[in-house]
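Each number in our numbering comes from the position in the sequence shown (counting from 1) with 12 added on. C-beta: ideal position from N, C-alpha, C; glycine also.
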Amino acid sequence: MSKHRTILLVHGPNLNLLGERNPAVYGTTTLLDIEADVAAAANARGAAVLCFQSNHEGALIDFLHEHRKLADGVVINAGAFTHTSVALRDAIEAIALPAVEVHISNTHAREGFRHTSMIAGVCLGQVTGLGRAGYTTAVNLLLDHLSANA
Ligand code: CA2
């Protein structure tokens, strides 16, 4: 019997508007669709998901701090804070939970400022450019990692 896991699914700025605008880049999927996908993939493996989205850097950091003791890992799309936030990078490092970075679009095929991730170095890895499907890939990779390191 595997241990019951809890995964934090964290979204940064503007991702609350997914599905409303810019379908050429981000598709028509909504944040609720993504949260449901991740919950279904995690639940199928006996894990629970806590979802959080904020447009505020400090709120994202507070959420990670506040849930660090009850969670086993993190799936995070930090939005534009990916490219700018040393504070978020330090928070991911500080909570000492395995994290997987996700981007819906292929950040490496876009503007140069999106090619750098401040958080990549403190994450297990990055899933970028696979759209909605990237999230189920990410949560399965994270659960595999947790099982392998139990
Ligand atoms: O591709 C991704 O998932 C991103 O993290 C999305 C961020 C962007 O800053 C990153 O470089 C890559 C932006 C999310 C903006 O979301 C929108 C939603 C609806 C309409 C316009 C933007």
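Item	Value
Rounded separation between I76 and A103 - CA only	Here the sequence assigns Leu to residue 76, which means Ile is not the residue at that position. Spanning the two alpha carbons is a distance of roughly 7 angstroms.
L142: CB within 7 angstroms of a non-hydrogen atom of the ligand CA2	no
Cα-Cα separation, H157 to V50	16 angstroms
Assumed close pair T18, L30 - CB separation to whole angstroms, cut-off 8 angstroms	Not a contact, Cβ separation roughly 24 angstroms.
Closer than 7 angstroms: S11 CB and nearest the ligand CA2 heavy atom	Lying outside 13 to 162, the shown extent of the chain, residue 11 is not represented and no answer is given.
Closest residue to A108 among E69, D45 and E78 (Cα-Cα distance)	E78
Test item: CB-CB of H23 and L44 under 8 angstroms	no
Alpha helix (DSSP H) runs wholly inside the region 52-121, at least 4 long, in chain order	69-79 and 98-107
Length of the line joining the Cα atoms of L142 and I116	6 angstroms
Of the listed residues H16, G124 and E32, nearest to A56 (C-alpha basis)	H16
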